[in-house]
Amino acid sequence: VHFYDGISGNNNQLKRTYSGSDQSASPFKKRPFIQQVIPPPPPIQPQSSSVDHSDEDDDDDDDEGDTINMSSGVMEKNSGTKRDDSRRRAAHTAAEQKRRNAIRKGYDALQSLVPNSHLLDPISSQKVSKAAILKRSTDYLIQLNKEQQQLNSQLDAKKKEIYCLRAVQKFVFVLFQY
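Under full-length UniProt numbering, the residues of the sequence shown are numbered 1 to 178, in order.
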């Protein structure tokens with residue numbers, strides 16, 4: 001397990017951590033989470049032409065080349081991220097537009113099913129708002145439920161009446177048999 005300490009020359013190390021402090025507490029096998037630690041690029045310092053480059057500077061040049069490559073790699077990732085963000089934004093916009101269209105179609109369908117919901121709003125004399133469509137729809141559903149209960153009560157009463165009439169019919173039939 002290596003940790004980046006910010007001091008060593010190797011800037012491309014892996015940091016391995018484990019989630020949770022007790023690995024035996026869970027019946028599931030814990031897997032290490034590996035995260036690549038990339039430190040920020042070193043600050044650019046102006047170089048004067050009067051300074052001589054020593055052998056130590058030559059060794060540092062190799063590391064700087066790696067850092068520049070890593071920096072350019074990060075910049076490439078940033079530009080890729082911008083493209084990904086742009087695609088993600090476009091996909092989100094398209095999905096949001098699709099959702100709005102579905103809601104609009106739903107309101108239109110609901111408005112077409114509810115009687116008189118297409119009429120202008122009596123209070124403002126304007127196009128009916130979505131809230132008014134929902135209110136009229138719920139009122140209509142409540143009215144339909146009440147009508148259904150009344151019809152079911154009437155149906156039960158008629159069934160009882162039919163039962164009684166059949167009983168009377170059987171009695172009369174038996175009477176005329178003798």
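Yeah, the Cβ is synthetic: ideal placement off N, Cα and C, and Gly gets one too.
| query | result |
| --- | --- |
| CA-to-CA distance, R166 to R100, given in whole angstroms | 59 Å |
| Cβ contact check for the segment 156-170 and the segment 122-142: 3 or more pairs under 8 Å | no |
| Nearest-angstrom Cα separation, counted from E161 out to Q169 | 12 Å |
| CB of Y163 within 7 Å of CB of I133, strictly | no |
| Inter-residue Cα distance where the pair is E147 and T93 | 44 Å |
| Close beta carbons around G73, own chain, < 8 Å, minus the five adjacent residues each side | Below a pLDDT of 50, predicted positions are generally treated as unreliable, and G73, at 48, falls in that range; no measurement from the model is reported. |
| Exposure of V172, with buried meaning 16 or more beta-carbon neighbours within 10 Å | exposed |
| Where L119 falls: helix, strand or coil (DSSP) | coil |
| Span separating the alpha-carbon of residue 182 from that of N152 | Outside the shown range of the chain (1 to 178) lies residue 182, about which nothing can therefore be said. |
| Sequence-distant residues of its chain with Cβ nearer than 8 Å to Y178 (five each side left out) | none |
| Beta-carbon spacing of S137, L110 below 7 Å | yes |
| Alpha-carbon to alpha-carbon, L113 and Q126 | 20 Å |
| Residue interval of the alpha helix (DSSP H) (run including Y140) | K130 to Q177 |
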